[in-house]
Structures are given as C-alpha cells and as structure tokens.
Amino acid sequence: MKRGERVLDVCCGTGDQATYLAGLGMDAYGIDLDPKMIAIAERKRKKYGKENLHFQLADATALPFEDAFFDSSTISLALHEKPFETQKKVISEMRRVTKNGGMIILADYPVPAGRLYRFAEMLVGGEHYACFKASQSLGGMDSLSESFKLQVVKKGRAINGGLELLEIKN
C-alpha cells in the first residue's frame, strides 16, 4: 500500500485502521454494518479533519463500490465471526472491488488460536463463538485461500503469533 492509493478497510469497526492508513497518505475508506461503529469512526474522522478518510454503513457481502475501485483492501479480525459461506461472499466482494493485481490483506486468528483468544471468543458467546469454532475447525484463513485458490504472496504472524496475516495478489 502506497501514499495516494485508494484503500478499503472492510468491517472497519471504530475506524482505527482506516484512520491510520489515511495518516500515511492513502485515500482510506472504511465500511461496517454496525451504525454505532460507523458513528464512532465518523467522530474520529471529524476530530482529525482527514479529507482522505471516508466511512460508510455497508454490508461486506454487497459492497457499494464499482468493480476495481480500490488499489487494495483489507479485513482484520472479522472473518472468524462469520459463517463460512458469508466469509466466502466477503472475500468475493473484496476481490471484485480491488483492482486486478492489487493487494488484499486478510488478518485473523491463526489455527489453532491461542488460549487467551479462544477464551475471549467464548466470553462473547452465541453465534459469534459458534462461527469462531467452525472457522477454527475448518482451518481458518488457509481454508479460505484454498477454496478461492488465492495467490498468497506473503504469509506471516504478528502480535506474538496471535494474528495471522495473508497478503494476496488479486
């Protein structure tokens, strides 16, 4: 990702990552399905006065952008909380809105996730936890990359191994 490029942060939550990317000079867009998260993100945008930072209420399975609108896209710690079929739709939409040859970054829990992360997910409970367990049993992001035959350029870990990163060439 480079200065001046258009970047999408899918399931942006409170907008921290998109705000960081805008601070690096990228034209950053964040989408989330939760209006409360977008409201917090919008307050940050106004606080920092970033004209290259945009937030929008949107569904990651039906992104409101033209094909190949973004140079790159990213999603962090959101895939594991969705059913596998929804994960596939999200990845498909990210691929659609990212330029051919562009970069897609997936960041989520590794398989197996550490005890602390498993415990935190268990505390959330409900469908979220059920999806987390299913994601872990299916192989996490590896199963997604295999099912899409994604061209993984780089694979790594961050946060003391608690976060798995896949860099994919679209």
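Quick note, in the numbering used here, the sequence shown goes up one by one and the last residue is 234.
Where a beta carbon is used, it is the ideal one built from N, C-alpha and C, also for glycine.
Report the rounded CA-to-CA distance for residue i versus residue j, giving the unit in angstroms.
i, j, result
"residue 148", "residue 215", "19 Å"
"residue 146", "residue 68", "32 Å"
"residue 75", "residue 159", "15 Å"
"residue 92", "residue 187", "32 Å"
"residue 153", "residue 219", "22 Å"
"residue 117", "residue 228", "26 Å"
"residue 87", "residue 66", "12 Å"
"residue 99", "residue 204", "27 Å"
"residue 211", "residue 155", "11 Å"
"residue 95", "residue 127", "9 Å"
"residue 168", "residue 123", "18 Å"
"residue 213", "residue 141", "21 Å"
"residue 119", "residue 190", "28 Å"
"residue 121", "residue 157", "16 Å"
By Cβ distance, which residues of its chain are closer than 7 Å to residue i, with the 5 residues on each side in sequence left out?
i, result
"residue 151", "143, 208"
"residue 135", "69, 70, 71, 163, 166"
"residue 131", "160, 161"
Given residue i, which residues of its chain have a CB within under 6 Å of its CB, disregarding the five upstream and five downstream residues?
i, result
"residue 78", "101, 104, 105"
"residue 217", "231, 233"
"residue 108", "79, 83"
"residue 129", "161"
"residue 133", "161"
"residue 97", "123"
"residue 224", "none"
Give a single yes or no on whether residue i has its beta carbon closer than 6 Å to a heavy atom of the ligand GDP.
i, result
"residue 189", "For the ligand GDP, the structure offers nothing, since it holds no ligand at all."
Rounded C-beta distance between residue i and residue j? I'm assuming under 8 Å.
i, j, result
"residue 73", "residue 138", "5 Å"
Within a Cβ cutoff of 8 Å, which residues of the same chain sit near residue i, ignoring the five residues on either side of it in sequence?
i, result
"residue 221", "174, 227, 228, 229"
"residue 257", "Here the chain comprises residues numbered 65 to 234, so residue 257 is not present and cannot be evaluated."
Legend entry - Segments assigned beta strand (DSSP E), at least 3 residues, entirely inside the stretch 85-149: Those beta strand (DSSP E) runs which fall completely within the stretch 85-149 and span 3+ residues are 91-96, 117-121, 134-140.
Inset, instruction - Inspect the CB distances between the stretch 79-88 and the stretch 112-130 and report whether three or more fall short of 8 Å. - result: The stretch 79-88 is in contact with the stretch 112-130.
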